[in-house]
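J.: Numbering (the working numbering), first residue to last: 560 to 777. We put the beta carbon where it would ideally sit given N, CA and C, even for glycine.
1. Going along the chain, which residues of its own chain have a beta-carbon closer than 7 Å to the beta-carbon of residue 685, five neighbours each way excluded?
2. Determine the direct distance from the alpha carbon of residue 712 to that of residue 689, and round the result to whole angstroms.
3. For the putative contact between residue 750 and residue 647, defined by C-beta atoms under 8 Å, what is the C-beta separation to the nearest angstrom?
4. As an exercise, report each continuous alpha helix (DSSP H) stretch of at least 4 residues that is fully enclosed by the region 694–737, in chain order.
5. Helix, strand or coil for residue 652 per DSSP?
6. For residue 586, tell me which candidate among 717, 701, 757 has the shortest Cα-Cα distance.
7. The alpha helix (DSSP H) with residue 578 in it runs from where to where?
8. Please report the straight-line C-alpha distance between residue 638 and residue 665, rounded to a whole angstrom.
9. Short of 7 Å in beta carbon distance, which residues of its chain neighbour residue 701, apart from the five on each side in sequence? Order them along the chain.
10. Could you say which of 765, 761, 734, 722 lies nearest to residue 748 if we only look at CA atoms?
11. Return yes when the Cβ of residue 634 is within less than 9 Å of the Cβ of residue 603, no when it is not.
12. With DSSP as the reference, please indicate the residues paired to residue 598 in a beta bridge.
13. Assuming residue 754 contacts residue 644 (C-beta within less than 8 Å), just tell me the rounded distance between them.
14. From the DSSP output, in three-state form, read off residue 647 for me.
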């Protein structure tokens, strides 16, 4: 059993070192460092995607026929968000492997030219392969922070994928992977144009402007 870890003023046996480290990167990042979250989406096959969840004009849930068509054509979407301002970097690739992951890390490094880069991601084989470790040895600014197994909620890239699907895929029909690549580029640019910082934890409740007053007359 792991020893008690500390997050701010809280201490207890239920906290684990890996989780504590990642939460610490969100709440108290090292001075001069950049914290990004990274993940892969896919494989995404060219097909017709259902519309985004919502309500029609007549008050009914929007429905779409189920689409089961799959073909050999597919694509993976690599994505990362910079926590301090919400700016995203995406890359599409035909497969998920060490070579494409290293290409993706190069893009993250170019987008953050100064300071250390802490990459919060899951511990996939391509993220921790011998080839990737050798590549990281030549790029010492990039440091991995792997999330524990079964704790995908620690990766803020997961909720960003939900926004991305709505922006890029919902209600669209794609003929091949090149159209998915184009939609990915357009959606990334649109989301970056209105990006905001990602804050760990629940926001503070808004103060009530109107409060009920109870007056008792004796």
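T.: A quick look at the data gives this:
1. 655, 656, 657, 660, 691
2. 27 Å
3. 6 Å
4. 716–723
5. strand
6. 757
7. 576–586
8. 13 Å
9. 664, 668, 676, 678, 695
10. 722
11. yes
12. 638
13. 6 Å
14. strand
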